[in-house]
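Protein chains: 2
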Amino acid sequence: MPAVAQTRTRLLQVASIRLAERGYHGTSLAAVAEDVGVSKQALLHYFGSKALLYCAVLDQLGQDLLQMLFSAMQDGQPAEQQLDSFFAALTARAVQDPWLPSLLLRVLIEERAAGSGDAAEPLPLQDFLEPLIAVIQATERFKASSFAQALATALQLLGGACLFPAAQAGLAHRFGPEVVDQLCDISPVQIQALLAARL
Amino acid sequence: MPAVAQTRTRLLQVASIRLAERGYHGTSLAAVAEDVGVSKQALLHYFGSKALLYCAVLDQLGQDLLQMLFSAMQDGQPAEQQLDSFFAALTARAVQDPWLPSLLLRVLIEERAAGSGDAAEPLPLQDFLEPLIAVIQATERFKASSFAQALATALQLLGGACLFPAAQAGLAHRFGPEVVDQLCDISPVQIQALLAARL
DNA sequence: GCCTCAACTTACCATTTGGTAAGTATCGGG
DNA sequence: CCCGATACTTACCAAATGGTAAGTTGAGGC
């Protein structure tokens, strides 16, 4: 099935997962390459260096999130419902792709990971965060609020929504898989409750 | 001032900060030791290995959090107010010690980091998480709810409360230091609003 | 004075890591 | 049929890392 040049895509996927699970420094190029079934140098062939691979992964993550946000912004619905749709989509995906919220939280926590030294490098996820804040500022509740307040709310929502799926694997280890199964069912309604309460 | 054996304490502090900022794999023993001003082997002298150092750091973190929780549980106040006090103390400390929420989130995300292979190793932070969930289950709102629902709420609250302080440094880089200053002021009331809305 | 023990230090080592150099195989175009 | 580009591979390397071995220093007990 994977005709050609699928290798790059698979490398990106595997790299995303490993970077989410073990972080930048905990992920070795050799491990990623081995998972995909190619040599380490194949990886370097596609993405010049580890830092650039990391940038590519974050780029992909930003695009994924942005697309989810845009999909939720389609029609002329009120901003509250747009946020509802977005976080519903986010949690739905997060349950089956736990690496996504893990990576998101990680990036937000680890400010600078792979800076090329250049000051003008585009911040990863910035293209996603700014529209998200804009939507929050478009709600009735935050119409008159400051940018900082909208940002605080965005972080609160993201943190509240992403921590469970990101911690999913560890929680199964702590409290048992059956509790996690229950949590997967509870999570979406819990997020809706959070949004309803905060907006 | 540091008479003797303060070295161990300082090593633990510096290790906590570096582990929070850069994660387990991103933190080298040599770097921690150098920050304190001793040799790498002094570190190994006190904590047998890197994995044991990590365990010691997590132990300390768990104790810190547990103490904050117990302090908030003093008198016969209602559970709602106990949670209020705890999260107020947490955010107050988190603003000046951003490494604490960073480390907390990191540990929750990275399930297994330094397992001795033994299956019966005590889970880090478990002694803190369980009482916290118990307090949530003691509230009117969650009195009749399942354990899983209380756990979901605990994670939502922790995520919502910890993401901003943990991301503080990166946010200053993204949106400028003045926005972060505003956020530091906003954060506590935002957390109170979150608690009031969810309990 | 001497023994012991904690609290370190300098040397050293095996492994892993990111990265370079150079070679090979395949394929489409001219 | 050759040319170049793409998509890799094997070999190799310098640096960093966690960890071991052995030595040094100073204080307290006998």
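Residue numbers (this note's numbering), protein chains in the order written: chain A, 1 to 199; chain B, 200 to 398.
Beta carbons are placed, not taken as given, at the ideal position from N, Cα and C, and that holds for glycine.
Show which residues of chain B have a CB atom less than 8 Å away from the CB atom of residue 179 of chain A. 346, 347, 350
Rounded to a whole number of angstroms, what is the C-alpha to C-alpha distance between residue 284 of chain B and residue 310 of chain B? 28 Å
Around the C-beta of residue 395 of chain B, are 16 or more other C-beta atoms found within 10 angstroms, so that it is buried, or is it exposed? exposed
If you measure from the CB of residue 55 of chain A, is any heavy atom of the ligand SAM nearer than 7 Å? The ligand SAM is not part of this structure, which contains no ligands at all.
Inspect the CB distances between the segment 162–176 of chain A and the segment 86–101 of chain A and report whether three or more fall short of 8 Å. yes
Rounding to the nearest angstrom, what Cα-Cα distance links residue 87 of chain A and residue 161 of chain A in this structure? 8 Å
For residue 364 of chain B, does the three-state DSSP call read helix, strand or coil? helix
Taking the straight line between their C-alpha atoms, what separation do you get for residue 252 of chain B and residue 211 of chain B? 8 Å
Since I believe residue 68 of chain A is in contact with residue 90 of chain A (beta carbons under 8 Å), could you give me their beta-carbon distance rounded to a whole number of angstroms? 6 Å
8 Å Cβ cutoff, residue 254 of chain B in contact with chain A: no
Inter-stretch contact (C-beta, 8 Å, three-pair minimum) for the segment 212–220 of chain B and the segment 179–188 of chain A: no
Using a C-beta to C-beta distance shorter than 7 Å, which residues of chain A count as neighbours of residue 310 of chain B? 169, 170, 173
Runs of alpha helix (DSSP H) wholly within the segment 315–348 of chain B (minimum 4 residues, chain order): 325–336
Could you tell me whether any Cβ in chain B is nearer than 8 Å to the Cβ of residue 136 of chain A? no
Can you tell which of A:147, A:133, A:140 has its C-alpha closest to the C-alpha of residue 157 of chain A? A:133
Apart from the five residues just before and just after residue 27 of chain A, which ones in its own chain have a Cβ nearer than 6 Å to its Cβ? 18, 19
Report the residue ranges of all beta strand (DSSP E) runs contained in full by the segment 251–307 of chain B; include only those spanning at least 3 residues, in chain order. none
Check residue 398 of chain B in the structure and name its three-state DSSP category. coil
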